[in-house]
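Structure first, then comments.
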Amino acid sequence: MLRLYNTLTHKEEPFAPLHGDVVRMYGCGPTVYARAHIGNFRTYVCLDVLRRTLKYVCGHQVRQAVNYTDVDDKTIKGALESGTSLREYTDTWIHAFREDSARLGIEAPEETPRATDDENMRAMGDMILTLEAKGHAYRRDGSIYFKISTLPQYGQLARLDRDGMKDGAAVDVDEYSKDDPRDFVLWKASKPGEPSWDVGTGAGRPGWHLECSAMALRLLGGPPIDIHAGGVDLVFPHHENEIAQSEGATGTTFARCWFHIEHLFVESEKMSKSLGNVYTIAEIVARGHRPSALRYLLLSSHYRKQLNFTWTGMDQAEEAIRRIVDFRSRLDTVTDSAAHGRVPPQVADARQAFKTALEHDLNTAGALAAVFDLVRDVNAAIDAHEVSAAEAREAADAIDHFDRVLGVVSLRQAEDAEPPVPVEEIERLIGERRAARERRDFAAADRIRKELVERGILLEDNAGGTRWKKK
RNA sequence: GGCGCCGUCGCCAAGUGGUAAGGCAGAGGUCUGCAAAACCUCCAUCUCCGGUUCAAAUCCGGACGGCGCCUCCA
Numbered sequence: 000m001l002r003l004y005n006t007l008t009h010k011e012e013p014f015a016p017l018h019g020d021v022v023r024m025y026g027c028g029p030t031v032y033a034r035a036h037i038g039n040f041r042t043y044v045c046l047d048v049l050r051r052t053l054k055y056v057c058g059h060q061v062r063q064a065v066n067y068t069d070v071d072d073k074t075i076k077g078a079l080e081s082g083t084s085l086r087e088y089t090d091t092w093i094h095a096f097r098e099d100s101a102r103l104g105i106e107a108p109e110e111t112p113r114a115t116d117d118e119n120m121r122a123m124g125d126m127i128l129t130l131e132a133k134g135h136a137y138r139r140d141g142s143i144y145f146k147i148s149t150l151p152q153y154g155q156l157a158r159l160d161r162d163g164m165k166d167g168a169a170v171d172v173d174e175y176s177k178d179d180p181r182d183f184v185l186w187k188a189s190k191p192g193e194p195s196w197d198v199g200t201g202a203g204r205p206g207w208h209l210e211c212s213a214m215a216l217r218l219l220g221g222p223p224i225d226i227h228a229g230g231v232d233l234v235f236p237h238h239e240n241e242i243a244q245s246e247g248a249t250g251t252t253f254a255r256c257w258f259h260i261e262h263l264f265v266e267s268e269k270m271s272k273s274l275g276n277v278y279t280i281a282e283i284v285a286r287g288h289r290p291s292a293l294r295y296l297l298l299s300s301h302y303r304k305q306l307n308f309t310w311t312g313m314d315q316a317e318e319a320i321r322r323i324v325d326f327r328s329r330l331d332t333v334t335d336s337a338a339h340g341r342v343p344p345q346v347a348d349a350r351q352a353f354k355t356a357l358e359h360d361l362n363t364a365g366a367l368a369a370v371f372d373l374v375r376d377v378n379a380a381i382d383a384h385e386v387s388a389a390e391a392r393e394a395a396d397a398i399d400h401f402d403r404v405l406g407v408v409s410l411r412q413a414e415d416a417e418p419p420v421p422v423e424e425i426e427r428l429i430g431e432r433r434a435a436r437e438r439r440d441f442a443a444a445d446r447i448r449k450e451l452v453e454r455g456i457l458l459e460d461n462a463g464g465t466r467w468k469k470k
């Protein structure tokens, strides 16, 4: 059974969906005002692995929502500066995000709501009115605030207490007049020139936290929903405030399990624009790396540990994937008909180890070890001519199964499907080279191989003939 | 000031009470026309100091080092 670390309880707990076999999960998505960076994508790749584990390892169905925050200070400013409407402006970045997500092999969630969609705005308005009716909210100068003192459990997720929040920590000094500095805004009064909505709230726009509460409950049903996720930085105040709003409005638990992904660092430093180390997928590619390598790198350490992105790490990831991909294609070349019985138990062990690792709070590094164990074992068996085609098929099925969760082999194969040299030309040259080798003209043969290497194609001579692959 | 995390081979990284997975890199070897790939062999006692235990990388205490949150942020 899957066990997940729950931020709410600070413990690893067995996880099962509340209703039947459907896991209802919500992830806080990007604010769409710029191209997302690799740190953002660590979160989304880890969510993807969680999603895939739930589906393909645990056998659950998944109903996942990941939102686009398409109205806030940054998006409004960006739209203004680019001279386009908020909708057009955010459309651009949503498109970019989908493009990058696809390059990283992230499965599309069932729901990708936008805050400014009518039905979501209405849901937010309804939630505010409910909070007001229950005495959790108050209006001041056209804005509406959540009154923290009305909710005794406030602070449970982040484990913050009032007394500790003093010296050294910045105290929220707001330009608005709130009853308590910690009260947060549910609805911001509109300013001249800014887009605004009125959903029983007066003209304005939603506060930072409101959209997630409203959309999660609208799209996933409940409460409680099964899993709520995001980057660690969202624990406070975002998620704490989401809990306050949702539980204030519904009177019951908002989310059963809180799943948080640690931050990515770059060359041991926090990413920041001033350091110039905020990389996007496009920049990774421009440096000659495949997105699959980034995905692998993100999977190679545990999601609750800080991960240090380095270019050496990317090089190592490229090599590691290559080993698995080479193995996977080698399996297709096995033609022996006699079974030897050596491989099936190896496959069974690997499948078991893979599952056990993922079930243990998504231990992807451990799962990868299981994959490599199988690679080594079966490679050795093939070298010893002790594998039948059917047994190779079993191993291939296992690798394909593993990759439904890892999503890294298929990604690499897709990336390498378009070689820099036309396939017919590669094959023609391989033919010429074979002829040269047959007449023992190794100089000519080596010349062809060298030429292809320079054009990005590697040749490997095996018992069955010559194989090519992208460098 | 409060809360919390981390320190395992050159690099990355599992393991969290029973005697150190895996990947990358490296050395030697097998195979090969040569390469490549693959395989085999070699390559750490877990930051340090105490303690608990038959047994600790794993638990407790302390030291040193690194980091996060308490403020917009994945």
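Just so we're aligned: 429 in numbering that gives the first Met the number 0 is position 430 of the first sequence, and the numbers increase by one with no gaps anywhere. Here a beta-carbon is modelled for each residue, glycine too, at the ideal position from N, C-alpha and C.
*Under 6 Å Cβ to Cβ from ASN119, same chain only, skipping five residues before and after it: list those, please.*
PRO112, MET214
*With a 10 Å radius around its C-beta and 16 neighbouring C-beta atoms as the bar for buried, classify GLY104 as buried or exposed.*
buried
*Whole-angstrom Cβ separation of ILE456 and LYS470, contact assumed at under 8 Å?*
7 Å
*Return the residue from the list GLY229, ASP232, ILE242 that minimises the CA-CA distance to LEU483.*
Limits of the chain in this structure are 0 at one end and 470 at the other, which puts residue 483 out of reach.
_Secondary structure, beta strand (DSSP E): runs of 3+ residues fully inside the stretch 16-75_ = Along the stretch 16-75, the beta strand (DSSP E) occurs as fully enclosed runs of 3 or more residues at 21-26, 60-65, listed in sequence order.
*As assigned by DSSP and simplified to three states, the class of HIS359*: strand
*State the Cα-Cα distance for the pair ASP372 and ASN39, rounded to the nearest angstrom.*
31 Å
*Buried or exposed: which applies to LEU49, given that a residue is buried once 16 or more other Cβ atoms fall within 10 Å of its Cβ?*
buried
*Please list, in chain order, all residues of the same chain as ILE130 whose beta carbon is under 6 Å from its beta carbon, the five residues on each side excluded.*
At residue 130 the sequence reads Leu, which differs from the Ile that was named. These residues qualify, in order along the chain: ALA136, GLY247, ALA248.
*Pull up the distance between the alpha-carbon of ARG32 and that of ALA368, whole angstroms please.*
The sequence shown places Tyr at residue 32, rather than the Arg named in the question. Those two C-alpha atoms are separated by around 38 Å.
*With respect to the beta strand (DSSP E) encompassing PRO205, which residues constitute its N-terminal and C-terminal limits?*
203-205
*Closest by CA to PRO344, which one among SER300, MET313, ARG139, ALA397?*
ALA397
*Buried or exposed: ALA169, going by 16 or more other Cβ atoms within 10 Å of its Cβ?*
Below a pLDDT of 50, predicted positions are generally treated as unreliable, and ALA169, at 48, falls in that range; no measurement from the model is reported.
*Given a threshold of 16 other Cβ atoms within 10 Å of its Cβ, counted over all protein chains shown, does PHE441 qualify as buried or as exposed?*
exposed
*Would you check if there are 3 or more beta carbon pairs closer than 8 Å linking the stretch 375-394 to the stretch 252-271?*
The answer is no - the stretch 252-271 does not touch the stretch 375-394, with fewer than three Cβ pairs under 8 Å.
*Apart from the five residues on each side of it in sequence, which residues of its chain come closer than 6 Å, Cβ to Cβ, to VAL21?*
GLN60, ARG62
*Residues of its chain near GLU450, where Cβ-Cβ distance is below 8 Å and the 5 sequence neighbours each way are ignored*: Annotation for GLU450: LEU428 place their beta carbon closer than 8 Å to its own, counting only its chain and skipping 5 residues before and after.
_For the structure I just gave you, are there three or more beta carbon pairs, one from the stretch 307-315 and one from the stretch 259-269, closer than 8 Å?_
With three or more CB-CB distances shorter than 8 Å, the stretch 307-315 counts as touching the stretch 259-269.
*asked:* Is it buried or exposed, LYS272, if we count other Cβ atoms within 10 angstroms and call 16 or more buried?
replied: exposed
*asked:* Less than 9 Å between the beta carbons of LEU297 and MET24, yes or no?
replied: no
*Using the Cα positions of LEU3 and ALA352, report the straight-line distance between them to the nearest angstrom.*
17 Å
*Reducing DSSP to helix, strand and coil, say where LYS133 ends up.*
In the structure shown, LYS133 sits in coil (DSSP, three-state: anything other than H, G, I, E or B).
*Give the range of the beta strand (DSSP E) segment to which TRP196 is assigned.*
That residue, TRP196, is in no beta strand (DSSP E); it is neither H nor E in DSSP.
*asked:* Measuring only the C-alpha atoms, how far is SER245 from MET270?
replied: Looking at the two C-alpha atoms, the distance is approximately 32 Å.
*Using the rule of at least 16 other Cβ atoms within 10 Å of the residue's Cβ for burial, across every protein chain shown, is ASP382 buried or exposed?*
Under a 10 Å Cβ-count criterion, ASP382 is classified as exposed, with fewer than 16 other Cβ atoms of the shown protein chains found around its own Cβ.
*Please report how far the alpha carbon of LEU146 lies from the alpha carbon of PRO194, in whole angstroms.*
A small fix is needed here, since residue 146 is Lys in this sequence, not Leu. Going by the C-alpha atoms only, they are around 26 Å apart.
*Is GLY77 buried or exposed, if buried means 16 or more other CB atoms sit within 10 Å of its CB?*
buried
*Going by beta carbon distance, what residues of the same chain come within less than 6 Å of ARG289, once the five residues before and after it are set aside?*
By the criterion of a C-beta distance shorter than 6 Å, ARG289 is surrounded in its chain by GLU414, once the five residues flanking it on both sides are discounted.
*From the DSSP output, in three-state form, read off GLY406 for me.*
It is coil, neither helix nor strand.
*Which residue or residues does DSSP assign as beta-bridge partners of THR465?*
ASP460
*First and last residue of the uninterrupted alpha helix (DSSP H) at LYS187*: First-last for LYS187: 183-188, but that is the beta strand (DSSP E), not the alpha helix (DSSP H).
*Determine the DSSP secondary structure at TYR302, reduced to helix, strand or coil.*
coil
*Below 9 Å between beta carbons: does that hold for THR115 and TRP207?*
no
*Please work out which residues of its chain come closer than 8 Å, Cβ to Cβ, to PRO16, disregarding the five sequence neighbours upstream and downstream, and give them in chain order.*
VAL22, ARG23, HIS59, ASP225
_Please report the straight-line C-alpha distance between LEU458 and ARG341, rounded to a whole angstrom._
Approximately 30 Å between the Cα atoms of the pair.
*Output yes or no for whether 9 Å exceeds the beta carbon distance between ALA347 and LEU357.*
no
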